[in-house]
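Colleague: My questions all concern the structure below.
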Amino acid sequence: MKYALQYIRPGALSLCLGLSVCWTASAQDIDNPDVFAVAAMVAEEVELVREFMGRPFDDSPRLPASDVSQHVVYFQAQSLFRKLNQLAQEQAGIERVAAPPVPEGELTPADTILVVEEALAQIRRVKLALSIEAEADLFPPTGSSATGTFMTLLDINRQVNLLLEEPPRPADVFGQVTLSSVFAAGVLSHLGESDILPPAPPFDGYKRPADVYGVLLRCAELLGRIGDETGAPTLHISTRRNIPDDIEPGHVYDISTILVGGLALVSSMLEADDVFPTLETPERIFPTQVYARANVLLQQLEQIEQLL
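131 is the number of the first residue of the sequence shown in the working numbering; add one for each residue after it.
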């Protein structure tokens, strides 16, 4: 493996020739460029596995996001770890383990880099099981913002979706949207609203993943404005761009997890109590059922914005 040591800030880190990069700098020394460097290394390792497996390359347009907080970056890293842990189970028989626990207090790049290192270890276990001898270079931490790091992690997440034997399904998206709706109901209750669970809109035809994706983008755009009002560091998304027609359930799942993390943070910032509204789960879940639940969430977020 080639390590570009001459580009690394003196004293910032040391490298272990094992499964992961071992960062020995203090937390104050670790910043988003360091996280980005390890994330880029994960991306290169994932690409080696993708080529070996003969899976398609994900070239979908990037999410139109900006002003991404460290909180959002951290949870995107957790999502990546969980997927790579699943891939390691499928291809290497590695036992599934939980994502690293969320630290207390304000999240920092030093917290995020530990999760990304764990993700790097997982993809390298996959390479070992598949006898892939090619190695990725270590990218020097030359610079990237939290938004740039988030985009890279999201790109990797999307690619890993195409490597999994059991990729995210509409039912997985439905579960995430339902959890978001539960958080939203708690926020509405905290704001004094009695109607915390609006009815689903009437059936207006069968839907595809792209339809669900469009609704969740609108939810994310609203969540960004709600975050501004409540002081919750969410991300900002623009819905002005066209949505590709080849949206897959994995794309929809990734944005649904962003909504869960953002609404959990809003709920925490407002110190909203937990509520447990009755939300039925259909026996069979397809994009049409997810679309209906996503529209319930959209109505909830519109109510929250009006109440703030």
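All residues carry an ideal CB built from backbone N, CA and C; glycine is no exception.
(1) Where does A195 sit, in a helix, a strand or coil, going by DSSP?
(2) Would D188 and R288 be called neighbours here (beta carbons separated by less than 8 Å)?
(3) DSSP on V151, reduced to helix/strand/coil?
(4) Cβ of I243 within 8 Å of Cβ of D159?
(5) What is the C-beta distance between A173 and D285, in whole angstroms, given that I count them as a contact (C-beta under 8 Å)?
(6) Between the Cα of M281 and the Cα atoms of E175, V307, Q430, Q206, which residue gives the shortest distance?
(7) Out of L250, V405, L214, which has the shortest C-alpha to C-alpha gap to L268?
(8) Three-state secondary structure (DSSP) at L76?
(9) Is the segment 324 to 336 touching the segment 220 to 240 in the sense that three or more CB pairs, one from each, lie closer than 8 Å?
(10) Who does H366 pair with in a DSSP beta bridge?
(11) Can L353 and L293 be called in contact, C-beta distance under 8 Å?
(12) Taking the alpha-carbon of A229 as reference, which of S199, L210, I377, G361 has the nearest alpha-carbon?
(13) Please name the residue, chosen from R192, V312, T272, that lies closest to L409 on a Cα-to-Cα basis.
(14) When you measure from the CB of E234 to every non-hydrogen atom of the ligand ATP, does any distance come out below 7 Å?
(15) Quick one: what's got a C-beta closer than 8 Å to V390's C-beta in the same chain, skipping five residues either side?
(16) Over what stretch of residues does the alpha helix (DSSP H) that includes A240 continue unbroken?
(17) I'd like the list of long-range same chain contacts for H320, defined as Cβ closer than 6 Å, with 5 residues on each side in sequence excluded.
(18) Which residues in the same chain as A259 place their Cβ atom closer than 6 Å to its Cβ, once the five residues preceding and following it in sequence are excluded?
(19) From this set, E234, V317, T277, L178, which residue's C-alpha is nearest A394's C-alpha?
Modeller: Per the coordinate set shown:
(1) strand
(2) yes
(3) Note that V151 has pLDDT 44, beneath the 50 cutoff, so the model's placement of it is unreliable and no number is given.
(4) Going by C-beta atoms, I243 is not nearer than 8 Å to D159.
(5) 7 Å
(6) It is Q206 whose Cα lies nearest to the Cα of M281.
(7) L250
(8) Since the first residue shown for the chain is 131 and the last is 438, residue 76 is missing from the structure and cannot be characterised.
(9) no
(10) S196
(11) no
(12) L210
(13) V312
(14) Annotation note on the ligand ATP: not contained in the displayed structure, which lists no ligands.
(15) Q306, L309, S310, F313
(16) 239 to 259
(17) Same-chain partners within the cutoff: L400, A402.
(18) Q221, A222
(19) V317
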